Every structure is written in C-alpha cells, then in structure tokens.
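**Student:** Have a look at this one.
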Amino acid sequence: MTHESIPPPAAAACRSTRSSGRRPNADYRWTARKAMAFLDLLAAGESVAAAARRVGMSRQSAYRLRTRAGEHFAQGWDLAQRAGHARRAARERLGGGAR
Numbered sequence: 001m002t003h004e005s006i007p008p009p010a011a012a013a014c015r016s017t018r019s020s021g022r023r024p025n026a027d028y029r030w031t032a033r034k035a036m037a038f039l040d041l042l043a044a045g046e047s048v049a050a051a052a053r054r055v056g057m058s059r060q061s062a063y064r065l066r067t068r069a070g071e072h073f074a075q076g077w078d079l080a081q082r083a084g085h086a087r088r089a090a091r092e093r094l095g096g097g098a099r
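Okay, so the sequence shown: first residue is 1 according to full-length UniProt numbering, each after it adds one.
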C-alpha cells in the first residue's frame, strides 16, 4: 500500500459531510399513501400525468406501478378514471368547463 492511495483526512471529512442534494430514497418510491392519493386525484378528474406529479412521481412510474401492482390496483385505476371522466362531463354540462 502506498502513501498515495490513502486519502488525506480533510478530503475524507469533506466526502462524509457533503450533501448530495438528492431526496431520500423513500421519496422516489410508490407508497400505499401515494397510490391512494393518486387514485383520488384520478377520480377528481386529473390526468395520469398531473395526478402522478401531484404525488411526487412521474407518469411513467405510474404506468409501471399499474403493471406491477396487480389486477386490484388496475381495477381501482379504471374506476377512478371513469369517475373522473364523469365528473368532468358533468361540469361541462353545467357550464363549469373542464377544470
């Protein structure tokens, strides 16, 4: 082992205290709470992309979750979207526009 392969103590200290500026891993994962909030937003008439953004996730990850989570989640997604479409249609009929 050579002297050159040992990092100076100051460099090691900087590496250990440096903040990466990234969110914790849990923020990048779908949780049950995020999934339920996502379905609620779909039922309220949000698009998949908008609902995913509102829970801090991407549209692509939402579609991956739909595939991975199984039939019950996919059915909930479909029901939520139908409810959202019905809600938007009702608002349009009442003259409220698609909010």
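From the three backbone atoms N, C-alpha and C, an ideal C-beta is built for every residue, glycine too. Values in this document were obtained by computation on a predicted structure and should not be read as measured data.
Quick check on Ala10: does DSSP put it in helix, strand or coil?
**Tutor:** Its pLDDT being 48, under 50, Ala10 is placed unreliably in this model, and the coordinates cannot settle the point.
**Student:** Between the alpha carbons of Ala44 and Gln81, how many angstroms are there, rounded?
**Tutor:** 8 Å
**Student:** Using beta-carbon positions only, say whether Ala52 and Ala37 come within less than 8 Å of one another.
**Tutor:** No, they are not a contact pair.
**Student:** May I ask which residues mark the beginning and end of the alpha helix (DSSP H) holding Glu92?
**Tutor:** 71 to 93
**Student:** Could you please give the first and the last residue of the uninterrupted alpha helix (DSSP H) stretch that includes Val48?
**Tutor:** 48 to 54
**Student:** Using a Cβ-Cβ cut-off of 6 Å (strictly less than) and excluding sequence neighbours within five positions of Ala83, which residues of its own chain qualify?
**Tutor:** Correct list, in chain order: Ala43.
**Student:** Less than 6 Å between C-beta atoms, sequence neighbours within five positions excluded: which residues of the same chain meet that for Val55?
**Tutor:** Lys34, Ala37, Phe38
**Student:** Taking just the CA atoms, how far does Arg88 sit from Leu94?
**Tutor:** 10 Å
**Student:** Using the Cα positions of Glu92 and His85, report the straight-line distance between them to the nearest angstrom.
**Tutor:** 11 Å
**Student:** Check whether the Cβ atoms of Arg59 and Ala74 sit closer than 8 Å, and answer yes or no.
**Tutor:** Taking 8 Å as the Cβ cut-off, Arg59 and Ala74 do not qualify as a contacting pair.
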